[in-house]
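Residue numbers (this note's numbering): 2 to 242.
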């Protein structure tokens, strides 16, 4: 009984400390952009080096993250040099510019996007998030004898753990979106439909296939999908005229 009360007391102390840290957090937001073009960069990884939690910039390059003053935030993206900034003492807006890495090509033929290679590189860079899983009952039982405080925290909703789960969900979502872009490319759709931008962009947005369909579809299935979608598009367009 005494040992159990000690566990409970330690747990309350742990959450008291966490609450103190949470109340001192500041909000940092702004734009992540290319240093040369000043255009926003989508899906940049922003990781708090102290908590190892993070977020991604939006499609337009906007970002938002909470941290403690003095925390180091690391901004990283494939093909760009990493950038670190220290969280200021109060909430503020701060734009972050990333420098594109220069690669020297020595007699190498430049080919199109290699989705498999890019996906593997992304999973290697963000492996700790892709491999993260929510603690279960077995994790509690295994951890309890050696570290009861950590085990008890598994049973209580954690803001840090929730951030990790959300970050992993975002990474998986954008990996699927990039796979769709890889197979359902503007070059392929334009070749099948003879459409040009901006009409091509409107058509691709309206008839964008889902990830599961493309994951199961053969090349023939995809071409047939584009053909049938274009026939529907032409009928709809004719009815409006």
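A virtual CB, placed ideally from N, CA and C, is assigned to each residue, including glycine.
Since we're looking at a predicted model, the values are computed, not measured.
Using a Cβ-Cβ cut-off of 8 Å (strictly less than) and excluding sequence neighbours within five positions of residue i, which residues of its own chain qualify?
{"i": "residue 25", "result": "69 and 70"}
Starting from the C-beta of residue i, find all residues in its chain whose C-beta is less than 6 Å away, skip the five residues before and the five after it, and write them out in chain order.
{"i": "residue 19", "result": "The pLDDT assigned to residue 19 is 48, lower than 50, so where the model puts this residue is not dependable; a value taken from the coordinates is nonetheless given after this. Hits under 6 Å: none found."}
{"i": "residue 196", "result": "204"}
{"i": "residue 177", "result": "212"}
{"i": "residue 223", "result": "none"}
Check whether chain C comes within 8 Å of residue i, counting only Cβ atoms and requiring the distance to be less than that.
{"i": "residue 172", "result": "Protein chain content of the structure displayed is limited to a single chain, and chain C is not contained in it."}
Quick test of your reading: residue i and residue j, contact by CB under 8 Å. State the CB separation rounded to the nearest angstrom.
{"i": "residue 36", "j": "residue 100", "result": "5 Å"}
{"i": "residue 43", "j": "residue 30", "result": "Their Cβ separation, rounded to whole angstroms, is 16 Å, which puts residue 43 and residue 30 out of contact at 8 Å."}
{"i": "residue 74", "j": "residue 88", "result": "6 Å"}
{"i": "residue 209", "j": "residue 185", "result": "7 Å"}
Taking the alpha helix (DSSP H) that residue i falls in, what are its first and last residues?
{"i": "residue 224", "result": "220 to 241"}
{"i": "residue 69", "result": "Run containing residue 69: none; DSSP gives neither H nor E here."}
I need the DSSP call for residue i, collapsed to helix, strand or coil.
{"i": "residue 74", "result": "strand"}
{"i": "residue 45", "result": "coil"}
{"i": "residue 169", "result": "helix"}
{"i": "residue 79", "result": "coil"}
{"i": "residue 101", "result": "strand"}
{"i": "residue 185", "result": "coil"}
{"i": "residue 213", "result": "helix"}
{"i": "residue 40", "result": "coil"}
Below 7 Å CB to CB, which residues in the same chain sit around residue i once its five sequence neighbours on both sides are set aside?
{"i": "residue 32", "result": "41, 62, 63 and 96"}
{"i": "residue 110", "result": "Any answer about residue 110 is weak, because its pLDDT of 39 lies below 50 and its placement is not dependable; what the coordinates show is given next. Cβ neighbours of residue 110 beyond the five flanking positions: none."}
{"i": "residue 93", "result": "29"}
{"i": "residue 81", "result": "99, 100, 101 and 102"}
Alpha carbon to alpha carbon, what distance is there between residue j and residue i?
{"i": "residue 172", "j": "residue 180", "result": "12 Å"}
{"i": "residue 50", "j": "residue 216", "result": "35 Å"}
{"i": "residue 53", "j": "residue 39", "result": "28 Å"}
{"i": "residue 242", "j": "residue 230", "result": "19 Å"}
{"i": "residue 239", "j": "residue 27", "result": "55 Å"}
{"i": "residue 207", "j": "residue 201", "result": "10 Å"}
Span of the beta strand (DSSP E) holding residue i?
{"i": "residue 200", "result": "Not the beta strand (DSSP E): residue 200 falls in the alpha helix (DSSP H), residues 200 to 207."}
{"i": "residue 29", "result": "27 to 35"}
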